[in-house]
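Colleague:
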Amino acid sequence: MKEEGGSASKAGATADVPLPNSSARKTLLDPYHDLASSIFDMADTPEMENTFLDAAKEGNYAKIESLLMRRNETIFSLDVRDKKTGNTALVWAAQRGHPKIVDLLLRYGADVTLRNFDCQTAVEVASPQIQQLLLTSAGIGGPHRNLRQASWQGDSNLVQKILEETQVDINCRNDEGLTPLLLLTRDVMLFEKIGSKLTADRPYDPHQVIEQLLSHRADPNAEDEEGKTALHYVAASKAKIASQLVTKLLEDGSDIESRDRRCFTPIHCASQSGNVDVVLSLLDGGCEANARGYAGTTPLHISAINGHDQVACALLRKGADVMLYDDSGLTPVDVAKTKKVKATLKHAWTEATQHREPRNLAPVREGSTRSLRGKNSRHTGEVVFDSLVSSSMNLESARLKPKHTREIGLLN
Numbered sequence: 001m002k003e004e005g006g007s008a009s010k011a012g013a014t015a016d017v018p019l020p021n022s023s024a025r026k027t028l029l030d031p032y033h034d035l036a037s038s039i040f041d042m043a044d045t046p047e048m049e050n051t052f053l054d055a056a057k058e059g060n061y062a063k064i065e066s067l068l069m070r071r072n073e074t075i076f077s078l079d080v081r082d083k084k085t086g087n088t089a090l091v092w093a094a095q096r097g098h099p100k101i102v103d104l105l106l107r108y109g110a111d112v113t114l115r116n117f118d119c120q121t122a123v124e125v126a127s128p129q130i131q132q133l134l135l136t137s138a139g140i141g142g143p144h145r146n147l148r149q150a151s152w153q154g155d156s157n158l159v160q161k162i163l164e165e166t167q168v169d170i171n172c173r174n175d176e177g178l179t180p181l182l183l184l185t186r187d188v189m190l191f192e193k194i195g196s197k198l199t200a201d202r203p204y205d206p207h208q209v210i211e212q213l214l215s216h217r218a219d220p221n222a223e224d225e226e227g228k229t230a231l232h233y234v235a236a237s238k239a240k241i242a243s244q245l246v247t248k249l250l251e252d253g254s255d256i257e258s259r260d261r262r263c264f265t266p267i268h269c270a271s272q273s274g275n276v277d278v279v280l281s282l283l284d285g286g287c288e289a290n291a292r293g294y295a296g297t298t299p300l301h302i303s304a305i306n307g308h309d310q311v312a313c314a315l316l317r318k319g320a321d322v323m324l325y326d327d328s329g330l331t332p333v334d335v336a337k338t339k340k341v342k343a344t345l346k347h348a349w350t351e352a353t354q355h356r357e358p359r360n361l362a363p364v365r366e367g368s369t370r371s372l373r374g375k376n377s378r379h380t381g382e383v384v385f386d387s388l389v390s391s392s393m394n395l396e397s398a399r400l401k402p403k404h405t406r407e408i409g410l411l412n
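Take the sequence shown: its position 190, counting from 1, is numbered 190 in UniProt numbering, and each next residue is one higher.
#1: Below 8 Å on the Cβ atoms is my guess for residue 434 versus Gln153; work out the distance and round it to an integer in Å.
#2: Quick check: the Cα distance between Lys161 and His232, rounded to an integer number of angstroms?
#3: Whose C-beta lies closer than 6 Å to the C-beta of Asp277 among residues of the same chain, with five residues either side of it excluded?
#4: I'd like to confirm the pairing. Which residues does DSSP put opposite Asp155 in its beta bridges?
#5: Which residue from Gln129, Asp219, Glu192, Ser273 puts its Cα closest to that of Arg173?
#6: From Lys318 to Pro332, what distance separates their C-alpha atoms?
#7: Under three-state DSSP, which class holds Tyr108?
#8: Going by beta-carbon coordinates alone, are Leu280 and Pro299 separated by less than 7 Å?
#9: If I measure Cβ to Cβ from Gly177 and keep anything under 8 Å in the same chain, skipping five residues before and after, which residues do I get?
#10: Given a threshold of 16 other Cβ atoms within 10 Å of its Cβ, counted over all protein chains shown, does Gln354 qualify as buried or as exposed?
#11: What separation, rounded to the nearest whole angstrom, lies between the Cα atoms of Ala150 and Thr179?
#12: How should Cys119 be labelled, buried or exposed, when 16 other C-beta atoms within 10 angstroms of its C-beta is the threshold for buried?
#13: Could you tell me how far apart the beta carbons of Thr113 and Leu183 are, in whole angstroms, since I believe they sit closer than 8 Å?
#14: Anyone know if the C-beta pair for Cys269 and Ala236 falls short of 7 Å?
#15: Going by the beta-carbon positions, is the gap between Val159 and Pro143 smaller than 7 Å?
#16: Pick helix, strand or coil for Gln120, following the three-state DSSP scheme.
#17: Determine the burial state of Gly253: buried for a count of at least 16 other Cβ atoms within 10 Å of its Cβ, exposed for fewer.
#18: In whole angstroms, what separates the C-alpha of Ile130 from that of Ile241?
#19: So the alpha helix (DSSP H) Val322 belongs to, where does it begin and stop?
#20: Which of helix, strand or coil does DSSP assign to Glu288?
#21: Rounding to the nearest angstrom, what Cα-Cα distance links Thr88 and Val80 in this structure?
#22: How would you call His98, buried or exposed, if buried means at least 16 neighbouring beta carbons within 10 angstroms?
#23: Taking a contact to mean a Cβ-Cβ separation below 7 Å, would you say Phe76 touches Glu49 in this structure?
#24: Less than 7 Å separating the beta-carbons of Leu324 and Gly285?
#25: What is the rounded straight-line gap between the Cα of Ala36 and the Cα of Ala94?
#26: Taking only three categories from DSSP, how would you classify Phe264?
#27: State the CB to CB distance for the pair Gly293 and Asp327, rounded to an integer number of angstroms; the pair is presumed to be in contact (CB under 8 Å).
#28: Which residue marks the beginning of the alpha helix (DSSP H) containing Glu192, and which one marks its end?
#29: Go through its chain and collect everything with a Cβ distance to Ile210's Cβ below 6 Å, but skip five positions before and after it.
#30: Helix, strand or coil for Cys172? Go by DSSP, reduced to three states.
#31: For the alpha helix (DSSP H) that Glu351 lies in, which residues bound it at each end?
#32: For Asn221 and Ala230, what's the separation of their Cα atoms in angstroms?
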């Protein structure tokens, strides 16, 4: 009887326990399943990212901390961007004046070097207090993040320490595709302005950092997503030390004729920014004064349309041809922005026509002339610049078309 009772008892107990697939167990676990699903569903959608960015913008420290404590790379990136502004959480917190959140994000590894859609980093939108937080954070992250930030800030002491003590990829890239060398040369003007805010043990020394990076086999011709090299970046800078950095890069193997996606060489970038010392350094380094860029524009076209008279004069002294046409049939005189530049270029044109030997050209058939005019009338390329869509035009074509155009113009 006891055995039967025991058996009955066991049977009863077994009958009271639901089987793994029973509806009772499903009912019991449904609330937990719904909670877990809501968390991971949010992780698979922009909702988590938007919540994170909003918390940084609004100064919600508790929310930021909570999200970071249960964050991993499969849920959302620490450097996720606002779709409207391009701001990361760090840029939002710096811009809105939330130092505690800035400090928290930095400790979790937020990247200080990233820019928003207005090409501003967190440093540029921050108050002096938060700037100090940002600039002293190089060294609290991983080795690659530290190397990029230290190089960007021109901190030769920290760069040397990282290179001596850790194994790093010298050409490691941030989320924008920039290597330490590209970051260093991109923001020379920024750090020249805020150099007084850097500490004595971390002075701004980009010349030394370039030497350190290149001596450890950094690629001087590494390109960003727009095809720009370090030489493009520093050539576009208005900083006082930019010309020295150009000379240094050229000495260490940078390609002076490298072209970005607009088909611009570094001399085009320098002509656009108006830094005459950089223009002279590039010309002395052997660059082509009449190099063709987007829509057949030469450096002289670009200096003219931007009103840079001193740059135009420097280019003319080094052999720039004032009579070259772009793909729209325009000369630098035609696109000159200011009266001063136009006067300079007209004077150069007069001198060029007086000293140019006359050409003995065979007659051109009317049909051939009409055909070329038709082709020229279809050219729609505009004269410059950063806002233009990247061109993949044939470079050889760019060199030849303006010559034909000029000859037709002289004949008619």
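Built from N, CA and C at the ideal position, the CB exists for glycine as well.
Modeller: Answer, in terms of the structure:
#1: Beyond the ends of the chain as shown, which are 1 and 412, falls residue 434; an answer cannot be given.
#2: Approximately 28 Å between the Cα atoms of the pair.
#3: For Asp277, where only same-chain residues beyond five positions count, the Cβ hits under 6 Å are Ser243.
#4: As a beta-bridge residue in DSSP terms, Asp155 pairs with Tyr204.
#5: Across the set Gln129, Asp219, Glu192, Ser273, the C-alpha of Asp219 shows the shortest separation from the C-alpha of Arg173.
#6: In a straight line, the C-alpha of Lys318 is about 16 Å away from that of Pro332.
#7: Coil at Tyr108, not helix or strand.
#8: Not a contact, by the Cβ cut-off of 7 Å.
#9: Cβ within range, chain order: Asp224, Glu225.
#10: By the 10 Å Cβ count, Gln354 comes out exposed.
#11: Rounded to the nearest whole angstrom, the CA to CA distance from Ala150 to Thr179 is 12 Å.
#12: Burial call: exposed.
#13: With a beta-carbon spacing of about 5 Å, Thr113 and Leu183 fall inside the 8 Å limit used to define contacts.
#14: Yes, the pair counts as a contact, with Cβ atoms nearer than the cut-off.
#15: No, Cβ-Cβ distance for Val159 and Pro143 is not below 7 Å.
#16: Coil.
#17: With fewer than 16 other Cβ atoms within 10 Å, it is exposed.
#18: Going by the C-alpha atoms only, they are around 26 Å apart.
#19: Where Val322 is concerned, there is no enclosing alpha helix (DSSP H), because DSSP gives it neither an H nor an E.
#20: Coil.
#21: Here the alpha carbons of Val80 and Thr88 stand approximately 6 Å from one another.
#22: In summary, His98 is buried, with 16 or more beta-carbon neighbours lying within 10 Å of its beta-carbon over all protein chains present.
#23: Between Phe76 and Glu49, the gap from beta carbon to beta carbon is short of 7 Å.
#24: Going by C-beta atoms, Leu324 is not nearer than 7 Å to Gly285.
#25: Low confidence applies here, because Ala36 scores a pLDDT of 46, under 50, leaving its location unreliable and the question unanswered by this model.
#26: Here Phe264 sits in coil by DSSP.
#27: Between Asp327 and Gly293 the Cβ distance is about 10 Å, and since that is not below 8 Å, they are no contact.
#28: Start and end: 188-193.
#29: Excluding sequence neighbours, Ile210 sits near Lys248.
#30: Correct three-state label for Cys172: coil.
#31: For Glu351, the uninterrupted alpha helix (DSSP H) run begins and ends at 339-355, by DSSP.
#32: Straight-line Cα distance between these residues: approximately 7 Å.
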